[in-house]
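Trainee: Chains as they are written, first to last, in this note's numbering: chain A, 199 to 579; chain B, 15 to 338.
Structure incoming, see below.
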């Protein structure tokens, strides 16, 4: 670690009097980070606590205003085991052979990962507990997805959101990486493509949602000839759960591929190009240059942008809201839209509970991602 | 080479076609939009400027005021976020922090006391001051006994975790927060909200760029007697221009387009453009033609900014520095 200023705790100020400049240098660590910490803390702590309290209470209307009645974990129990669990978690169907295979494969992988860790050299008690917990929750989530999607059941908002995030972030990453690699070449006209590829990100998400509603209209939209050709004009995609989900995912991919594209492009641009040239001189082909040199060097930036997209992706709301209004039924409803709809129905406590369950899910996935993947590709986590 | 161009053009088409559709829709009458897909102006339909006239002249002030608000709030909040975020990111990359568990516990106790006091109907200002005083007291007494604590990585993760809660859960508390500060429907409220909520993204993106700067440069400057501030300003920032530019663009885009917080914190005065776009979904259904105009005038300035800044995301900046 190359820190030339070390800071311990909050004891930043030197107690002995020194010239102003030297004192300022001594507290540099605090000066750099404290403004950001204070702004984030000052702005987040009250909303965080207030909505936690709201999630533990029920809103009722009384004379001259509203009353918040403390109900403990009722709102959570309702979502996980009570009347709303079909909405939140989904309806499990009997396991099909395909589902069984997927489940067995997934559990096999989890067990293999644990086995390798236990047999490895750098195992710790905390690491083992963390991994067991991660494997347990991952196994439960996998079971939720398989038993509601690959069967006759139907997925709840939690599963739908996980599908959105899984598909969207993977496709966005592959597309963004491919485009960044194409644009980083010294081709004439690449500046034009760089700016054009950024465009979808610049439209307000509500606007993108309405734009896609226009585009996906089977009757008046620009794709009408296509629908007509396949005789699908009367068969609205909105009535098909997977058609509707696909439309939502395409919209999200269209809008957010640029984000990954530009971060990876900036990372590729800052690579010293002697490295690539030297490898080419040594006879490496383009494939080897990518796998051995470029990819390892951009992995830190890539893992950051994937984490940010994971976190933001879980909050998807505008597209399903405007495009399908969550329908058919609740087939395209994301967790945030779920929170939003019951919020509009004045179930403020239930809405906050959904939001907190989302927070727990994302925290869990984020911590697992950082510890299991990101720490391996970058010096800092 | 040909293959590359084919792929680039293909994706450019995917990106541009929806925007082309927005552009032609903005010149259509409602009849043209509802009459079925018309693609090419003058051949399929007669373009006219009615919608543009409506947005710019009939709505006039109702368009320009949100526009001004969006520009001011977007640029101000982005600039502040970038400065604070880059500083914090640099600290997290090059310095070692340790916040002891004692300090965290003291803070938690302070918060609990403040909450209890406020719930007991004492004015919140007194509660906040009491909690803060207790925090400082504990920090300087009990907290000193704790040696272990959390480090840089934990601080960074704590920051990004602030973005995990969906806005819908926190809009009411945020509303009350700014109501108490008497900042509702002002630029200040939006700027504070956007700075706080976008800081984690800046910190995370800039950490990676700072990390990729060869530390030897900073070390030799430190040996020559440069202060950390000077090293940051004269060496680190100029070398991370590509990252700064990319991050600036994102945060600007996020602030420019944010919808839900703006919906709650503003009404007539400080309303921003995303609200104007959403307002075109009237009782008669979405007014596609007005919406198209608004979306187009909204992305105009951001595109101009992207074109102006694009050249900074250029290769080779670092290489020159290391050699020289």
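The C-beta atom is built at its ideal place from N, Cα and C for all residues, glycine as well.
Here the structure is a predicted model, which means the values were calculated and not measured.
Is the shortest distance between the beta-carbon of residue 49(B) and the beta-carbons of chain A less than 9 angstroms?
Mentor: yes
Trainee: Which bits of chain B does residue 244(A) rub up against, with CB to CB less than 7 angstroms?
Mentor: 187, 191
Trainee: Measure the Cβ-Cβ separation of residue 291(A) and residue 249(A) and say whether it is below 9 angstroms.
Mentor: Judged by beta-carbon spacing, residue 249(A) lies beyond the 9 angstroms limit of residue 291(A), meaning their Cβ atoms are not closer than that value.
Trainee: Looking at C-alpha atoms only, which residue of 40(B), 82(B), 58(B) is the closest neighbour of residue 67(B)?
Mentor: 40(B)
Trainee: Quick check on residue 298(A): buried or exposed, where buried means 16 or more other Cβ atoms within 10 Å of its Cβ?
Mentor: With fewer than 16 Cβ atoms within 10 Å of its Cβ, residue 298(A) is classed as exposed.
Trainee: Tell me, please, whether the region 142 to 161 of chain B touches the region 187 to 197 of chain B by the rule of three or more beta-carbon pairs shorter than 8 angstroms.
Mentor: no
Trainee: Looking only at its chain, what residues have a beta carbon closer than 6 angstroms to the beta carbon of residue 458(A), apart from the 5 residues adjacent to it on each side?
Mentor: 370, 371, 374, 503
Trainee: Under 9 angstroms between the Cβ atoms of residue 260(B) and residue 461(A)?
Mentor: yes
Trainee: Of all the CB atoms in chain B, is at least one closer than 9 angstroms to the CB of residue 452(A)?
Mentor: yes
Trainee: Would you say residue 180(B) and residue 246(A) are within 9 angstroms of each other, going by their C-beta atoms?
Mentor: no
Trainee: Which one of 220(B), 223(B), 249(B), 221(B) has the shortest CA to CA distance from residue 234(B)?
Mentor: 249(B)
Trainee: DSSP three-state label for residue 249(A), please.
Mentor: In this structure, DSSP gives residue 249(A) a helical state, which the three-state scheme calls helix.
Trainee: How many angstroms separate the CA atom of residue 215(A) from the CA atom of residue 572(A)?
Mentor: Interpretation of residue 215(A) is limited by its pLDDT of 46, a score under 50 that renders its predicted location unreliable; the figure taken from the coordinates is listed afterwards. If you take the alpha carbons of residue 215(A) and residue 572(A), they lie about 43 angstroms apart.
Trainee: Who does residue 288(A) pair with in a DSSP beta bridge?
Mentor: Partner(s): 353(A).
Trainee: Got a sec: which bits of the region 537 to 550 of chain A sit with their beta carbon under 8 angstroms from any beta carbon on chain B, in order along the chain?
Mentor: 537, 538, 541, 546, 549, 550
Trainee: Using the beta-carbon of each residue, which ones in chain B are nearer than 8 angstroms to residue 268(A)?
Mentor: Under the 8 angstroms cutoff, chain B gives no residues; its nearest Cβ is about 11 angstroms from residue 268(A).
Trainee: Does the beta carbon of residue 76(B) sit closer than 9 angstroms to a beta carbon anywhere in chain A?
Mentor: With 9 angstroms as the cut-off, residue 76(B) does not count as an interface residue toward chain A.
Trainee: Would you verify that the beta carbon of residue 218(B) is, or is not, closer than 9 angstroms to some beta carbon of chain A?
Mentor: yes
Trainee: Under 8 angstroms Cβ-Cβ, which residues of chain B neighbour residue 561(A)?
Mentor: 175, 178
Trainee: Between residue 449(A) and residue 509(A), is the Cβ-Cβ spacing less than 9 angstroms?
Mentor: no
Trainee: I'd like to know whether the C-beta of residue 208(A) is nearer than 9 angstroms to at least one C-beta of chain B.
Mentor: A caution first: residue 208(A) carries a pLDDT of 39, below 50, which makes its placement in the model unreliable, though a value can still be read off. Taking Cβ atoms only, chain B reaches closer than 9 angstroms to residue 208(A), which makes this a yes.
Trainee: Does any CB atom of chain B fall closer than 9 angstroms to the CB of residue 490(A)?
Mentor: Judged by the 9 angstroms Cβ criterion, residue 490(A) is not in contact with chain B.
Trainee: According to DSSP, which residues form a beta bridge with residue 55(B)?
Mentor: 59(B)
Trainee: Contact between the region 377 to 391 of chain A and the region 307 to 326 of chain A: three or more CB pairs below 8 angstroms?
Mentor: no
Trainee: Does DSSP put residue 255(A) in a helix, in a strand, or in coil?
Mentor: strand
Trainee: Would you verify that the beta carbon of residue 439(A) is, or is not, closer than 9 angstroms to some beta carbon of chain B?
Mentor: no
Trainee: Give the C-beta separation of residue 269(B) and residue 88(B) to the nearest angstrom, bearing in mind that I take them to be a contact with Cβ-Cβ under 8 angstroms.
Mentor: 5 angstroms
Trainee: Just how far apart, CA to CA, sit residue 421(A) and residue 414(A)?
Mentor: 7 angstroms
Trainee: Answer yes if the region 102 to 113 of chain B comes into contact with the region 214 to 234 of chain A, meaning at least three C-beta pairs across the two stretches below 8 angstroms, and no otherwise.
Mentor: Inter-segment contact for the region 214 to 234 of chain A and the region 102 to 113 of chain B is present: three or more beta-carbon pairs are separated by less than 8 angstroms.
Trainee: Which same chain residues end up closer than 8 angstroms to residue 19(B) when comparing Cβ atoms and leaving out the 5 residues on each side of it in sequence?
Mentor: none
Trainee: Let me know if residue 24(B) comes out buried or exposed under the rule of 16 or more other beta-carbons within 10 Å of its beta-carbon.
Mentor: exposed
Trainee: Do residue 528(A) and residue 280(A) have their CB atoms nearer than 9 angstroms?
Mentor: no
Trainee: Inspect the CB distances between the region 260 to 273 of chain A and the region 223 to 240 of chain B and report whether three or more fall short of 8 angstroms.
Mentor: no
Trainee: Looking at chain A, is there any beta carbon in it that lies within less than 9 angstroms of the beta carbon of residue 88(B)?
Mentor: Output row for residue 88(B): interface = no.
Trainee: Within 9 angstroms of any Cβ in chain A, is that where the Cβ of residue 336(B) sits?
Mentor: At residue 336(B) the pLDDT is 43, less than 50, meaning the model places this residue with poor confidence and gives no usable figure here.
Trainee: Quick one: what does DSSP say residue 386(A) is sitting in, helix, strand or coil?
Mentor: coil
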